[in-house]
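Residue numbers (the numbering used here): 768 to 1227. For reference, the structure is listed below as structure tokens.
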Amino acid sequence: MNVTEVLQFVDQLVFERTGKHLDDVQKAVIEGSYKGQTYHEIAENNHFNKSHVGEIGGELWKFLSTTLGEDIKKTNVRSTFERLQITALPIIIQNNNKQNNNHTFNFSVLNSDQAIQKYQEKDTDTKSQSVYHDLTLAPQIIKFHNRETELQTLSKWILNQNISLISVLGLSGIGKTTLSRKFIDLNLDKFEVIIWKSLKYPQSLNSLITDLLNTYQQKYEETLQANLKQLFDILIQKRCLIILDNIETIFTNGQFAGQYQPEYLDYQKFFKMITEINHQSSVMLISQEKCPEMNCLYQQLNLSQCLELSGLNDINILDNIGLKNQDSWLQLIQIYEGNATYLKDIVILIQDVYDGEVTEFLAENSLIITQNMQSHFHDLFNRLSAIEKQIILELSKLNQPISRDDLKQNLSLSSVEFVKGLQSLQQRYLVTKIKEDKILFKLSPVFRQYVIITGATGSP
């Protein structure tokens, strides 16, 4: 077992107990102690106060000793963890009628085989109190601002209405993953099972289901049908929340949004099953593209819901990052559509070139696209169909929204091609529909600037 696994394990242990992750001093104490360093060496190597490091260490060993039922000290922390044969995840937490934050918890730390055996030995009441959390691939939240309305919406759908399939949708960097993680952190005690999986590197549905069953420490079968049966048994018996991030990777490049790659067509059936089979759990999909299964035509039946995120207009997202001229922050945010990823790149540029002076950057009077942004847009542009690219090119010539009829007149596309292409661009969140006296359509200003720079060739 390496020190990274121990850090992950202790971090989740502390988070389950306190709602907070390890800070830098705590991490340094654990890592240094695991490597046999003295408190003086830990403090010197990390530029911390020696006495403070010692105090933090004492608190950590006391916490771990109480939590794990072991006499853990600085001198035996490595040997103790190696003897316990822990894995970073899953952690099985027996919550003995938790009533308040000061209640004592009994954390059982077991490897996979031990966990199954221990779990089977418990009576029915204890089984119902077991909590399984696998958030290994869920990113930590660095900043979270002004998404209270969206959190309330998710709470209503998942906790009150028990919606089976929820989609969180929007452009890359808009805050989908952060919002979903925040919802989990606020509602850890509402679910018996929480599992977060990323499809950034896509896998077959059977492989995904097998991973889910392994995480829950269930034996898996050879066939997809048998594994699906096992998974739905769990969704029926337990209150589960399963999050699948980066869903867009199972869709096909060069076609309209949300078209499944042939090898991932089983996902389409799986998403339908989630809404058709009666169970007490929820599956949350996070995606940059909307597919037909994410459409919310049957809201009254509480089958599925989709939450489409737009950018933030909150100057607090630029707090404490070295920018000057606060009265100009909102303008900067609006130019870059309230997108946290765009703003991160631009903030670094402003710090490097303009010494944090936002007004000097804005005085350039030019929408600057960084190299990172251009590379991202290159990948996004290459996902578009040929019809979408034609529409994008025409929209990039306009600095004002345009009506559907006027846009169509400027293109040599059939009515069917045009309508499908325009819908697909909306399902990628590159084109926005504006409702005024008549319906207008507008291309994302930042993406438009990329198209102008590259000449819509897709070259990075």
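We treat Cβ as the ideally placed atom computed from N, Cα and C, and that holds for glycine.
Query - CB of MET1061 within 8 Å of CB of SER1163, strictly - result: MET1061 is not a Cβ neighbour of SER1163, given a cutoff of 8 Å.
**Report entry** Separation of ASN913 from ILE1082, as counted between CA atoms
**Finding:** About 10 Å.
Report task. Answer yes or no: does any C-beta atom of chain D fall closer than 8 Å to that of LYS802? Result -> In summary, chain D is missing from the structure at hand, where a single protein chain is found.
Query raised in the report: If you check the beta carbons only, do SER1211 and LEU1197 fall under 8 Å apart?
Result: yes
Report task. Whole angstroms is fine: what's the gap from PRO857's alpha carbon to GLN907's? Result -> Low local confidence applies: a pLDDT of 40 at PRO857 is under 50, so the model's placement there is unreliable, and no value is given.
Requested in this report: Please classify HIS819: does DSSP put it in a helix, a strand, or coil?
Outcome: helix
Query - Rounded C-alpha distance that separates THR903 from GLU1104 - result: Whole-angstrom Cα-Cα distance: 30 Å.
**Report entry** Residue environment, ASN1166, which counts as buried when at least 16 other CB atoms sit within 10 Å
**Finding:** exposed
Requested in this report: Tell me whether the beta-carbon of ILE823 lies closer than 8 Å to the beta-carbon of VAL781.
Outcome: no
Query raised in the report: alpha helix (DSSP H) containing SER1071: first to last residue?
Result: Residue range 1071–1075 is occupied by the beta strand (DSSP E) that includes SER1071, with no alpha helix (DSSP H) assigned at that position.
Query - Under the three-state DSSP convention, the category ASP901 falls into - result: In the three-state DSSP reduction, ASP901 falls in the strand class (E or B).
Query raised in the report: Leaving out five residues before and five after ASP838 in sequence, what residues of the same chain have Cβ atoms less than 7 Å from its Cβ?
Result: SER832
Requested in this report: Measure the C-alpha to C-alpha separation of THR842 and HIS807 and round it to an integer number of angstroms.
Outcome: 14 Å
Query - Residue range of the unbroken alpha helix (DSSP H) whose run includes SER1163 - result: 1153–1163
Query - Range of the contiguous alpha helix (DSSP H) that encloses ASP1173 - result: 1171–1176 is the span of the alpha helix (DSSP H), which, as asked, contains ASP1173.
**Report entry** Length-filtered (3 minimum) beta strand (DSSP E) runs lying within the region 1093–1137
**Finding:** none
Requested in this report: Enumerate, from N- to C-terminal direction, the unbroken alpha helix (DSSP H) stretches of 4 or more residues contained entirely within the region 925–954.
Outcome: 943–953
Query raised in the report: In whole angstroms, what separates the C-alpha of TRP828 from that of ASN813?
Result: 20 Å
**Report entry** C-alpha distance - ILE1014 paired with LEU1070, whole-angstrom precision
**Finding:** 19 Å
Report task. Pull up the distance between the alpha-carbon of PRO990 and that of ASN973, whole angstroms please. Result -> In the sequence as displayed, the identity of residue 990 is Thr instead of Pro. Each residue's alpha carbon lies about 8 Å from the other.
Query raised in the report: Of the residues GLU915, LYS943, GLY1025 and LYS1187, which one's Cα is nearest the Cα of ILE1158?
Result: LYS1187
Query raised in the report: Are ARG1006 and GLU959 close, meaning C-beta to C-beta below 8 Å?
Result: yes
**Report entry** Backbone CA spacing between ARG784 and ASP791 [nearest angstrom]
**Finding:** 18 Å
Query raised in the report: Hey, would you say LEU979 sits closer than 8 Å to PHE950, going by beta carbons?
Result: No. Outside cutoff.
**Report entry** Coil, strand or helix - ASP956 by DSSP
**Finding:** helix
Report task. Just confirm the distance between the C-beta atoms of ILE1041 and ILE1010, as a whole number of angstroms; I'd bet it's less than 8 Å. Result -> With a beta-carbon spacing of about 13 Å, ILE1041 and ILE1010 fall beyond the 8 Å limit used to define contacts.
Query raised in the report: If you check the beta carbons only, do LYS1057 and THR1016 fall under 8 Å apart?
Result: no
**Report entry** Rounded separation between PHE999 and HIS788 - CA only
**Finding:** 32 Å
Query raised in the report: Taking buried to mean at least 16 other C-beta atoms within 10 Å of its own C-beta, is LEU1032 buried or exposed?
Result: exposed
**Report entry** Buried/exposed call for LEU1002, threshold 16 Cβ in 10 Å
**Finding:** By the neighbour-count definition (other C-beta atoms within 10 Å, threshold 16), LEU1002 is a buried residue.
**Report entry** Continuous beta strand (DSSP E) stretch holding LYS1005: start and end
**Finding:** No beta strand (DSSP E) holds LYS1005; DSSP gives it neither H nor E.
**Report entry** Whole-angstrom C-beta distance between ASN1106 and GLY1078, which should lie under 8 Å
**Finding:** Yes, GLY1078 and ASN1106 are in contact; Cβ-Cβ is about 5 Å, under 8 Å.
Query raised in the report: Helix, strand or coil: which one does DSSP assign to LYS829?
Result: helix
**Report entry** Rounded straight-line distance, which links the Cα of LEU953 to that of GLN1026
**Finding:** 34 Å
Query raised in the report: So is SER931 buried or exposed if we call it buried at 16+ other beta carbons inside 10 Å?
Result: With 16 or more other Cβ atoms within 10 Å, it is buried.
Query raised in the report: Which residues bound the beta strand (DSSP E) around ILE1053?
Result: 1049–1054
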